[in-house]
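A.B. asks:
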Ligand code: SAH
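In structure tokens:
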């Protein structure tokens, strides 16, 4: 089968964070698919068709891109950040697994991108310098009590925790509950980083302690990093503090 599907990570927003490989995959495509605001980040090219879709239509979008590629086209399906992190690459794999046999012989390339937690971490220092994990707080695709168990396990395990999808209009209370849960297991002085729209115009980065972490400081475009008991904040005169997690850990901490 001659069709080709590239699932392309655009990075968090700043054009300088788009990899040369992603840039080349976008330039080579006959057709682009993606969530509207992500597609808007890709400059138009003559002769290239654009198929924007809504936020919640990931499965239908993946199927449409696969169908189009199976007709012989070069298709690029775009994702914010990295396409393999809470994004389209897994939706495409699931569709291929459940779809017609012919889709298994398609040429599929996953083109990685800078994921949000790396961009946010880089803004403040090195909070992910030691063992960490990433959780989506969205209970659209999994039950809330599973999220609570994973938060408990991550905190008990001493991991730094990156929280994707912390809040939305349809999910207003989950982040407050998550902080409450984490406060039971972590010191109240644990550093928390809110990174909103990093690499975009409305970027805002805030560092506070877990005790004072306010869900109202987050929106849909925010990634939160909750430190481990080892995470430290270095105050600096006239400069923003540096947040980091040392590369070594003692026994059981
Ligand atoms: N595939 C994306 C994540 C998709 S889930 C990636 O790898 O980054 C969407 C969530 O990602 C948002 O709710 C937010 O938590 C985070 N996010 C995406 N872009 C961001 C940015 N520029 N700044 C901060 N967080 C961002």
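In the working numbering, the protein residues as written are 16 to 268. All C-beta atoms in this analysis are idealised placements derived from N, C-alpha and C, irrespective of residue type, glycine included.
Would you list the residues sitting across from residue 223 in a DSSP beta bridge?
C.D. replies: In the chain shown, residue 223 corresponds to position 208, counting from 1. For residue 223, which the question treats as bridged, DSSP gives the partners 207.
A.B. asks: Since residue 205 contacts residue 224 with CB under 8 angstroms, what's their CB separation in whole angstroms?
C.D. replies: Numbered from 1 along the chain shown, position 190 holds the residue referred to as residue 205. Numbered from 1 along the chain shown, position 209 holds the residue referred to as residue 224. Right, the Cβ-Cβ distance comes to about 7 angstroms (below 8 angstroms), so this counts as a contact.
A.B. asks: Within 8 angstroms, do at least three Cβ pairs link the region 247 to 259 to the region 180 to 194?
C.D. replies: No, the region 180 to 194 is not in contact with the region 247 to 259.
A.B. asks: With respect to the alpha helix (DSSP H) encompassing residue 89, which residues constitute its N-terminal and C-terminal limits?
C.D. replies: Position 74 of the chain shown, counted from the first residue, corresponds to residue 89. Premise fails: residue 89 lies in the beta strand (DSSP E), 89 to 94, not in any alpha helix (DSSP H).
A.B. asks: If we ignore side chains and look at the alpha-carbon of each, how far apart do residue 105 and residue 154 end up?
C.D. replies: If you number the chain shown from 1, residue 105 lands on position 90. If you number the chain shown from 1, residue 154 lands on position 139. Taking the straight line joining both Cα atoms gives about 17 angstroms.
A.B. asks: Report the start-end ranges of each alpha helix (DSSP H) in the region 131 to 188 that is 4 residues or longer and not cut off at the edges.
C.D. replies: With a minimum length of 4 residues, the continuous alpha helix (DSSP H) runs that stay inside the region 131 to 188 are 131 to 139, 159 to 171.
A.B. asks: Out of curiosity, what's the CA-to-CA distance linking residue 103 and residue 70?
C.D. replies: The residue you call residue 103 lines up with position 88 of the chain shown. The residue you call residue 70 lines up with position 55 of the chain shown. Rounded to the nearest angstrom, the two C-alpha atoms are 11 angstroms apart.
A.B. asks: How many angstroms separate the CA atom of residue 195 from the CA atom of residue 183?
C.D. replies: Stepping through the chain shown from its first residue, residue 195 is reached at position 180. Stepping through the chain shown from its first residue, residue 183 is reached at position 168. Approximately 18 angstroms between the Cα atoms of the pair.
A.B. asks: Residue 257 bridges to which residues according to DSSP?
C.D. replies: As a first step, residue 257 must be located in the chain shown, where it is residue number 242. DSSP output for residue 257 lists 249 as bridge partner(s).
A.B. asks: Can the beta-carbon of residue 142 be found less than 8 angstroms from the beta-carbon of residue 237?
C.D. replies: Start at 1 with the first residue of the chain shown, and residue 142 comes out as number 127. Start at 1 with the first residue of the chain shown, and residue 237 comes out as number 222. Not in contact: residue 142 and residue 237 (Cβ atoms no closer than 8 angstroms).
A.B. asks: Determine the DSSP secondary structure at residue 44, reduced to helix, strand or coil.
C.D. replies: Taking the first residue of the chain shown as 1, we reach residue 44 at position 29. Looking at residue 44 - three-state DSSP - the assignment turns out to be coil, as it is neither helix nor strand.
A.B. asks: Pick helix, strand or coil for residue 120, following the three-state DSSP scheme.
C.D. replies: Position 105 of the chain shown, counted from the start, is the residue given in the question as residue 120. The answer is helix: DSSP assigns residue 120 an H, G or I state.
A.B. asks: Just how far apart, CA to CA, sit residue 40 and residue 254?
C.D. replies: The residue given as residue 40 occupies position 25 in the chain shown. The residue given as residue 254 occupies position 239 in the chain shown. Roughly 39 angstroms between the two C-alpha positions.
A.B. asks: Can you name the start and end residues of the beta strand (DSSP E) that residue 238 belongs to?
C.D. replies: On the chain shown, residue 238 is found 223 positions in, with the first residue counted as 1. Element bounds for residue 238: 237 to 241.
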